[in-house]
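Novice: My structure is below; once you've seen it, I'll send some questions.
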Amino acid sequence: MKKYSTYPMQQHNTFGLNVKAAQFIEFETEEELCDVIKAGLSSPVLVIGAGSNLLFLNDYKGTVLHSAIMGVTVVEETDGHLLLRVGSGMQWDSLVEYTIQNGWQGLENLSAIPGEVGASAVQNVGAYGVEAGDLIEQVEAVSLSDGGKRRFTHDECRFSYRNSIFKAEKKNKYVVTYVTYRLRKIPEYRLDYGNLRSVIGDGNEVSAATIRKAVQEIRQAKLPDPAVIGSAGSFFMNPIVSDEHAKKLLQTYPQMPHYATADGRTKLSAAWLIDQCGWKNRQHGPVGVYKHQPLVIVNHGGATGQEILDYSMQICHSVEEKFGVTLSREVNVIE
Ligand code: EPU
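When we follow this note's numbering, the leftmost residue of the sequence shown carries the number 50, and every step to the right adds one.
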């Protein structure tokens, strides 16, 4: 276990904000985590993954907890599928690569996403028609209130678009230690999102590896590399509005992208709404909107969390004014 005081967080948030945490604790085993919680942590407590969805407004006055639990174990295997139990501290994309190398399918559409395994369950990361929650069999976690262990079944996790019980009712109550994924050994691919099929190319063999390569290419072209330009990927979620509201907007903007949701509402494209308000590739001081994907707010260098938040509010206001649609943040703002 590693414990530090007044710890620099710049390497632990992909916006690259230069803030400090009063305490920073990195645990390598579930037991270490249970012990440190039982011994008492100085509050407030913030559990982080790779920091790819965080916006710090200030130095953090409490304890930042980070999992360094590694390891991948096959816990069940049949001819058709397998269950893989993975430590929450493993890098997400290393897991995706590892599963593809082993001939296991399911995670390929989620290639090249920054972050760690624990956050895949908290955030229900999604891309190109697949959400991590679709593949999660169970989540193991430790309670921040008493250091006790608990398992959450797939249904108990209550996955929905970029959401789970760990972001809702149980927010800040549990630390994820292991995630078990149900993967396929028999090919069954999702190619219907956007231009995925055409990037793979007609006539080319479709495999988990070719999907991974295509997704890497699409993401590279659209999204900034956090190692080069600070960002947290999509800053806002795609808004879900009533069918009635969507129909009204479509009368004025017939070209507006829209997708029916399972519950009869309509999901709109935040990127499109922001683009229509003229924000793409704009910059104010060190903060701006990415040139290839208007849903991404970038730190060109030296921005503060407050400057980024203020800029995001301006974007929000203009979308609200033009379309009457309220954008919700995907990024987690830390006061
Ligand atoms: N668009 C524009 N202008 C642009 C770019 C896009 O109008 O400059 C519109 C287009 O209509 C396009 C639509 O936005 O068809 C969708 O763009 P994209 O395929 O990039 O998807 P997204 O809805 O903007 C979501 C996720 C991404 C994920 C992609 C691919 C959210 C909030 N974001 O973006 O996730 O990679 O789909 O599945 O759901 C993230 O969460 O950090 C993230 C990057």
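Every residue, glycine too, gets a C-beta built ideally from N, C-alpha and C.
Quick check: the Cα distance between residue 253 and residue 281, rounded to an integer number of angstroms?
Specialist: Locating residue 253 in the sequence shown gives position 204, where the first residue counts as 1. Locating residue 281 in the sequence shown gives position 232, where the first residue counts as 1. For residue 253 and residue 281, the distance between alpha carbons rounds to 33 Å.
Novice: Under DSSP, the beta strand (DSSP E) around residue 219 begins and ends at which residues?
Specialist: As a first step, residue 219 is located in the sequence shown; it is residue number 170 there, counting from the start. From DSSP, residue 219 is part of no beta strand (DSSP E); its letter is neither H nor E.
Novice: How many whole angstroms separate the CB atoms of residue 163 and residue 275, which I take to be in contact at a CB cut-off of 8 Å?
Specialist: Counting from one through the sequence shown, the residue named residue 163 turns up at place 114. Counting from one through the sequence shown, the residue named residue 275 turns up at place 226. At roughly 6 Å, the Cβ-Cβ gap stays under 8 Å, so residue 163 and residue 275 are in contact.
Novice: Would residue 179 and residue 158 be called neighbours here (beta carbons separated by less than 8 Å)?
Specialist: Your numbering for residue 179 matches position 130 in the sequence shown. Your numbering for residue 158 matches position 109 in the sequence shown. Taking a C-beta distance under 8 Å as the contact criterion, residue 179 and residue 158 qualify as a contact pair.
Novice: Can you tell me whether residue 236 is buried or exposed, with buried defined as 16 or more other CB within 10 angstroms of its CB?
Specialist: Your numbering for residue 236 matches position 187 in the sequence shown. Counting Cβ neighbours within 10 Å, residue 236 comes out exposed, since fewer than 16 surround it.
Novice: Less than 8 Å between C-beta atoms, sequence neighbours within five positions excluded: which residues of the same chain meet that for residue 59?
Specialist: Translated into positions along the sequence shown, residue 59 becomes position 10. These residues qualify, in order along the chain: 65, 66, 67 and 68.
Novice: With distances taken from CA atoms, which of 108, 347 and 285 is nearest residue 318?
Specialist: Start at 1 with the first residue of the sequence shown, and residue 318 comes out as number 269. Comparing alpha-carbon positions, the option among 108, 347 and 285 lying closest to residue 318 turns out to be 285.
Novice: Tell me whether residue 311 sits in a helix, a strand or coil according to DSSP, three-state version.
Specialist: In the sequence shown, counting from the first residue as 1, residue 311 sits at position 262. In the structure shown, residue 311 sits in coil (DSSP, three-state: anything other than H, G, I, E or B).
Novice: Look at the Cβ atom of residue 336, then the Cβ atom of residue 352, and state whether they are nearer than 8 Å.
Specialist: In the sequence shown, counting from the first residue as 1, residue 336 sits at position 287. In the sequence shown, counting from the first residue as 1, residue 352 sits at position 303. Going by C-beta atoms, residue 336 is nearer than 8 Å to residue 352.
Novice: With respect to the beta strand (DSSP E) encompassing residue 72, which residues constitute its N-terminal and C-terminal limits?
Specialist: Looking up residue 72 in the sequence shown gives position 23. Residue 72 -> beta strand (DSSP E) spans 69-76.
Novice: With a threshold of 7 Å (Cβ to nearest heavy atom), would residue 159 be considered close to the ligand EPU?
Specialist: Here residue 159 corresponds to residue number 110 of the sequence shown, with the count starting at 1. No.
Novice: Can you give the Cα-Cα distance for residue 94 and residue 304, rounded to whole angstroms?
Specialist: Sequence index remark: in the sequence shown, residue 94 carries index 45 (1-based). Sequence index remark: in the sequence shown, residue 304 carries index 255 (1-based). Straight through space, the alpha carbons of residue 304 and residue 94 are spaced by roughly 45 Å.
Novice: In angstroms, rounded to a whole number, what distance separates the CA positions of residue 380 and residue 102?
Specialist: One-based indexing of the sequence shown puts residue 380 at position 331. One-based indexing of the sequence shown puts residue 102 at position 53. Their backbone Cα atoms lie some 5 Å apart in a straight line.
Novice: Taking only runs that begin and end inside the segment 274-323, name each unbroken beta strand (DSSP E) of 3 or more residues, in chain order.
Specialist: 279-283, 307-309 and 315-317
Novice: Please report the residue range of the beta strand (DSSP E) in which residue 115 lies.
Specialist: Locating residue 115 in the sequence shown gives position 66, counting from the first residue. First-last of the beta strand (DSSP E) with residue 115: 109-116.
Novice: What is the DSSP secondary structure of residue 99, counted as helix, strand or coil?
Specialist: If you number the sequence shown from 1, residue 99 lands on position 50. In the structure shown, residue 99 sits in coil (DSSP, three-state: anything other than H, G, I, E or B).
Novice: Which of helix, strand or coil does DSSP assign to residue 346?
Specialist: Mapped onto the sequence shown, residue 346 falls at position 297. Residue 346: strand per DSSP, three-state reduction.
Novice: List the DSSP bridge partners of residue 332.
Specialist: Within the sequence shown, residue 332 is the residue found at index 283, counting from 1. Note: residue 332 is bridge-paired with 337 in the DSSP secondary-structure output.
Novice: Give me, in chain order, the residues of the same chain whose beta-carbon lies closer than 6 Å to that of residue 52; leave out the 5 immediate sequence neighbours on both sides.
Specialist: Counted from its first residue, the sequence shown places residue 52 at position 3. 74.
Novice: Hey, would you say the C-beta of residue 141 is under 7 Å away from at least one heavy atom of the ligand EPU?
Specialist: Your numbering for residue 141 matches position 92 in the sequence shown. Outside the cutoff, so no.
Novice: Could you tell me the boundaries of the beta strand (DSSP E) in which residue 200 lies?
Specialist: Taking the first residue of the sequence shown as position 1, residue 200 is located at position 151. Segment 198-202, the beta strand (DSSP E) holding residue 200.
Novice: Assuming residue 104 and residue 358 make a contact with CB atoms under 8 Å, what is their CB distance in whole Å?
Specialist: Working through the sequence shown from its first residue, we reach residue 104 at position 55. Working through the sequence shown from its first residue, we reach residue 358 at position 309. Contact flag correct, Cβ pair sits at about 6 Å.
Novice: What do you get for residue 273, buried or exposed, if any count of 16 or more other CB atoms within 10 angstroms of its CB means buried?
Specialist: In the sequence shown, the residue the question calls residue 273 occupies position 224. So residue 273 counts as buried.
Novice: Cα-Cα, which of 88, 87 and 116 is closest to residue 100?
Specialist: Here the question's residue 100 lines up with position 51 in the sequence shown. When only C-alpha atoms are compared, the closest one is 116.
Novice: Taking the alpha carbon of residue 269 as the point to measure from, which residue in 161, 290 and 201 has its own alpha carbon closest?
Specialist: Start at 1 with the first residue of the sequence shown, and residue 269 comes out as number 220. Ranking the options by Cα distance to residue 269, first place goes to 161.
Novice: For residue 206, which of 199, 188 and 221 has the nearest alpha-carbon?
Specialist: Along the sequence shown, read from residue 1 onward, the residue named residue 206 stands at position 157. Selected option, being the one with the closest Cα: 188.
Novice: Rounding to the nearest angstrom, what Cα-Cα distance links residue 373 and residue 361 in this structure?
Specialist: In the sequence shown, residue 373 corresponds to position 324, counting from 1. In the sequence shown, residue 361 corresponds to position 312, counting from 1. Spanning the two alpha carbons is a distance of roughly 16 Å.
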